[in-house]
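Undergrad: Each residue of the sequence shown is one higher than the one before, counting from 31 in the working numbering.
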Amino acid sequence: MESTTDDQQHTVMFDSDNIQQTGGGTHDSSSRWQKATYDAKSIRQKITFSGRKFDVKTLPVDLYRVYETLKIRSGEEYALTNVFMIRTAIELHRAWHNTLLTAKILQQLKDKFQVRMTWELGVIKLKFHVEDGSHELQYKVPYDYDSEYQDLYMKIAVAYLDGHMTVHQALIYQSDTKRGKHTAKSGLFIRDFPGRLLVYPLEAATCAVIFFGGDWYDFGVTALTGFVSGLIEYLLVTIGGSAKLMVDVIVGVSTGLIASLFYRYDGEHTCLPAVFLGTLYWFFYGTAFVLGILEIISGELETGVVRFMAVAVKTFVLSLGTTFGMQIVLKEPKDAWFDYDGNCGNIDLDDQWWRIPLYLLCSASALGQYRFPIVDYWRALSVQLVGYEVQYQVFLFLRTRHSQDLQDTAAANLLGAIGAVVFAAIMSYFVESITYYYHARVLQRRKGKYSPFGEFLYSTCETYVRVTNRLGFGKKNDLVYLEMSEKLRKQREELEDTNHSRTDITLTEEEEMVFLEAVIQAEDLNIWALLMPTLYQLVPGSLIARLWFNTIFLPPLDSECKVIDGTDYNFVKPVQSASHAVFESLLVTAVSLALGTLIGFGVVEYGTYILTKLFCCKNENQQITSDPNASADSIGTINLRKSSRNFFSHTINENNPSSDLYTIDENDPASDSERNTEDTNVNEEAGFDDDNITETNNDLLQPLL
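(1) In whole angstroms, give me the CA-to-CA distance for ASP92 and GLU98.
(2) Just grab the DSSP bridge partners of TRP149 for me.
(3) In its own chain, which residues sit with a C-beta less than 6 angstroms from the C-beta of THR352, not counting the 5 before and 5 after it?
(4) Apart from the five residues on each side of it in sequence, which residues of its chain come closer than 8 angstroms, Cβ to Cβ, to VAL347?
(5) With a threshold of 16 other CB atoms inside 10 Å of the CB of LYS506, please say whether the residue is buried or exposed.
(6) Using the Cα positions of SER703 and SER104, report the straight-line distance between them to the nearest angstrom.
(7) What's the C-alpha gap between LEU473 and LYS211?
(8) Count the CB pairs spanning the region 191-201 and the region 425-432 that are closer than 8 angstroms, and state whether there are at least three.
(9) So, helix, strand or coil for GLU684, using DSSP?
(10) Taking all protein chains shown into account, decide if VAL145 is buried (16 or more other Cβ within 10 angstroms of its Cβ) or exposed.
(11) Under DSSP, the alpha helix (DSSP H) around HIS123 begins and ends at which residues?
(12) What separation, rounded to the nearest whole angstrom, lies between the Cα atoms of ARG294 and LEU360?
(13) When we look at the beta-carbon of ASP248 and count the other beta-carbons within 10 Å, is it buried (16 or more) or exposed?
(14) In the DSSP output, what is THR194 paired with across the bridge?
(15) Note the first and the last residue of the continuous alpha helix (DSSP H) segment covering GLU516.
(16) Among PHE158, ASP176, LEU182, ASN112, which residue has its Cα nearest to the Cα of LEU546?
(17) Taking 8 angstroms as the cut-off, is the C-beta of GLU516 nearer than that to any heavy atom in the ligand GTP?
(18) How would you call GLY637, buried or exposed, if buried means at least 16 neighbouring beta carbons within 10 angstroms?
(19) If you draw a straight line from the C-alpha of TYR407 to the C-alpha of TYR400, how long is it?
(20) DSSP on HIS469, reduced to helix/strand/coil?
(21) Helix, strand or coil for ILE535, going by three-state DSSP, please let me know.
(22) State buried or exposed for ASN529, treating a residue as buried only when at least 16 other CB atoms are found within 10 Å of its CB.
(23) Which residue wins for smallest C-alpha separation from GLN180, given the options ARG124, GLY193, PHE158?
(24) Considering only the beta carbon of each residue, do VAL96 and VAL188 sit closer than 9 angstroms?
(25) Only counting the same chain, and skipping five residues up and downstream in sequence, which positions put a Cβ closer than 6 angstroms to that of HIS432?
(26) DSSP on GLN437, reduced to helix/strand/coil?
(27) Let me check one thing: in DSSP terms, what residues is THR78 bridge-paired to?
(28) Mind checking PRO90: buried by the 16 CB within 10 Å criterion, or exposed?
(29) State the Cα-Cα distance for the pair TYR230 and TRP246, rounded to the nearest angstrom.
(30) Less than 9 angstroms separating the beta-carbons of ALA410 and ALA559?
(31) Counting beta carbon pairs with one atom in the region 149-157 and one in the region 165-179, are three or more of them shorter than 8 angstroms?
(32) For ILE582, I'd like the list of residues in its chain whose CB is within less than 7 angstroms of its CB, leaving aside the five on either flank, ordered along the chain.
(33) Distance, Cα to Cα, TRP383 vs ILE377?
(34) Looking only at its chain, what residues have a beta carbon closer than 7 angstroms to the beta carbon of ALA340, apart from the 5 residues adjacent to it on each side?
(35) Going by beta carbon distance, what residues of the same chain come within less than 8 angstroms of LEU512, once the five residues before and after it are set aside?
(36) Inspect the CB distances between the region 447-463 and the region 551-569 and report whether three or more fall short of 8 angstroms.
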């Protein structure tokens with residue numbers, strides 16, 4: 031983040047999320063908040079960009095028509111901002127499927143650029159009401175969890191919000207992101223088929239052992255069924271159309287068929303629940319249970335309930351398909367399903383030294399499913415391990431005292447989620463502090479040398495970039511810019527030398543995109559990119575599957591003989607733990623994880639507030655901007671905007687009810703309707719004239735190409 035002021039002798043010093051005002055000149059201190067004095071302009075503001083324009087003809091037809099109408103009424107920049115918001119919402123929704131946080135960034139864009147738009151973010155369908163409802167766009171956006179794209183699209187939106195990119199640059203960067211230009215080669219390999227096929231068996235096999243009571247024999251069987259499930263999805267997705275609707279049921283049938291063959295013809299010592307649940311773990315979307323609870327708690331009742339029911343039905347389809355496969359091979363599928371003794375739980379994980387390494391391998395496969403950047407695996411694995419260990423150890427400590435209830439499960443999940451959130455926030459703070467030195471130098475946000483400690487941290491970051499590129503995990507553009515930064519430094523010195531003939535700093539089109547990528551990467555990894563895979567490893571996706579299996583295969587009955595008045599009576603009842611406790615455990619686990627996530631963010635938010643008040647002195651009213659043509663933001667607004675992106679608890683709009691209002695431009699014909707009404711709620715039943723546009727796009731296959 032950078033700053034300019036009207037008085038070039040006045041400097042503003044700040045790191046990526048904390049800003050402090052000082053007098054002119056340099057300032058040295060070991061304090062966290064006084065690391066360096068920034069120049070009035072970073073290298074980004076010294077560069078003369080080419081003015082490359084985004085090609086609006088690449089937009090979907092419906093969105094392009096709305097763009098043309100808005101351009102005529104309110105200008106090109108306003109029209110493109112609307113396009114940017116819609117594209118951002120679509121890709122964030124596809125990548126993390128978290129409506130609450132997607133709405134956060136949209137609200138910030140709306141407030142910042144005074145956009146007259148509202149939206150409805152459902153489980154699958156998105157609706158955008160442009161110009162207070164005069165235009166409506168609808169899109170059907172499927173699940174496709176993607177931590178890398180979620181993080182990149184959030185960073186692009188933040189860069190545009192903070193004035194680090196123009197709207198044309200932001201839109202072009204979005205399109206290049208979809209084309210894979212900002213993804214490492216290793217990420218491209220596991221992002222899509224056929225490289226993605228390697229992740230299926232690894233996740234299935236490790237989950238079968240670490241979560242579902244399988245042994246090493248089951249590990250091998252599950253690896254095979256997992257690989258076959260990946261091949262089936264690859265084939266059906268490639269065919270496309272209605273074939274994609276059959277993925278769940280065919281995957282279920284193949285899993286039940288293969289596992290049953292091993293059970294029948296290899297001595298009946300296969301733990302079928304471990305094989306089934308491990309293989310289908312990929313398809314359960316267990317995170318949706320927690321997100322549904324979070325939405326219900328946050329007041330999005332319709333979306334939360336629909337999400338919870340949708341994932342429950344999806345899980346039932348998978349479970350039912352598996353039983354079809356069992357019927358093909360086995361005469362008594364029910365007996366095979368309940369054949370636990372001697373087949374399941376043969377390994378006591380408490381006594382195994384490899385429990386944590388195996389869990390980390392399982393978590394790494396989950397990161398592969400989430401398309402998490404390999405270069406940051408160490409961060410995500412650390413957060414996943416903390417959440418898992420807190421959950422595991424608390425459960426071990428409490429289970430003997432709560433053998434007749436589920437309080438041990440609730441406490442373990444609650445504290446596990448809190449631990450993961452708090453640790454992720456602490457790690458983000460320290461990583462941002464370390465990488466500060468690297469980004470400040472390569473983006474020329476300050477001059478001169480650091481302290482010996484600062485130089486050491488810069489060298490560490492530079493070495494990390496070079497080593498990860500050598501191994502193929504890092505982005506090539508990171509290394510390209512590192513080499514390019516020396517060239518930019520020399521050109522800046524020539525530009526600031528009054529005796530030199532250089533009048534500007536220009537870059538090629540390719541160099542511009544490399545530079546903008548460096549600016550975007552200076553923003554720290556979004557905390558939710560770390561937490562989504564962590565919650566995925568903690569959520570009860572398998573519990574609802576067990577419930578459905580016990581619905582299909584009625585649990586065994588307990589028979590008890592009692593003598594009443596000299597007469598023998600046989601009382602028969604279903605096993606309580608098999609029929610009801612699973613559903614109860616599902617609710618306890620989902621709700622406790624959701625509450626733990628909320629409490630964890632509350633601890634982070636208020637803990638940060640207290641520490642900031644105790645140790646930091648910031649002028650929250652200081653106006654700063656990184657673009658002379660952009661409206662200035664106060665330090666308090668920037669900090670509030672940043673913190674609210676991660677939390678469900680508040681938005682700028684909620685803290686300032688008037689922030690949604692904007693000044694009416696007397697020369698803007700689009701504002702005529704606002705002069706005659708005080709209620710611009712798009713839900714009011716207003717008539718549409720001939721100029722209004724309602725567009726529907728039910729399958730957005732290539733929204734950004």
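For glycine and all other residues, C-beta sits at the position ideal for the given N, C-alpha and C.
TA: Taking the geometry as given:
(1) Cα-Cα distance, rounded: 10 angstroms.
(2) PHE158
(3) Within the same chain, GLY282, THR285, GLY286, PHE306 come within 6 angstroms of THR352 by CB-CB distance, once the 5 residues on both sides are set aside.
(4) The residues ASP278, VAL279, GLY282, in chain order, have a CB closer than 8 angstroms to that of VAL347 in the same chain once the five nearest residues on each side in sequence are set aside.
(5) exposed
(6) Its pLDDT being 43, under 50, SER703 is placed unreliably by the model, and nothing is read from it.
(7) 21 angstroms
(8) no
(9) Note that GLU684 scores 44 on pLDDT, short of 50, meaning its location in the model is unreliable; the coordinates nonetheless yield the value given after this. Of the three classes helix, strand and coil, the one that applies to GLU684 here is helix, per DSSP.
(10) The residue is buried, with at least 16 neighbouring Cβ atoms inside 10 Å.
(11) 106-126
(12) 7 angstroms
(13) buried
(14) Inspection of the sequence shows that residue 194 is occupied by His rather than by Thr. None, per the DSSP bridge assignment.
(15) 506-526
(16) LEU182
(17) This structure lacks the ligand GTP; in fact it carries no ligand of any kind.
(18) Exposed: under 16 other Cβ atoms inside 10 Å.
(19) 11 angstroms
(20) In the structure shown, HIS469 sits in a helix (DSSP, three-state: H, G or I).
(21) In this structure, ILE535 counts as strand in the three-state DSSP scheme.
(22) By the Cβ neighbour-count rule, ASN529 is exposed, with fewer than 16 other Cβ atoms within 10 Å of its own.
(23) The option with the nearest alpha carbon to GLN180 is ARG124.
(24) no
(25) For HIS432, the CB contacts under 6 angstroms within the same chain, skipping 5 residues up- and downstream, are ASP438 in chain order.
(26) In the structure shown, GLN437 sits in a helix (DSSP, three-state: H, G or I).
(27) THR536
(28) buried
(29) 17 angstroms
(30) yes
(31) Judged by Cβ distances under 8 angstroms, the region 165-179 makes contact with the region 149-157, as three or more pairs qualify.
(32) SER349, LEU350, THR353
(33) Taking the straight line joining both Cα atoms gives about 12 angstroms.
(34) VAL153
(35) VAL472, GLU492, VAL495, ARG496
(36) yes
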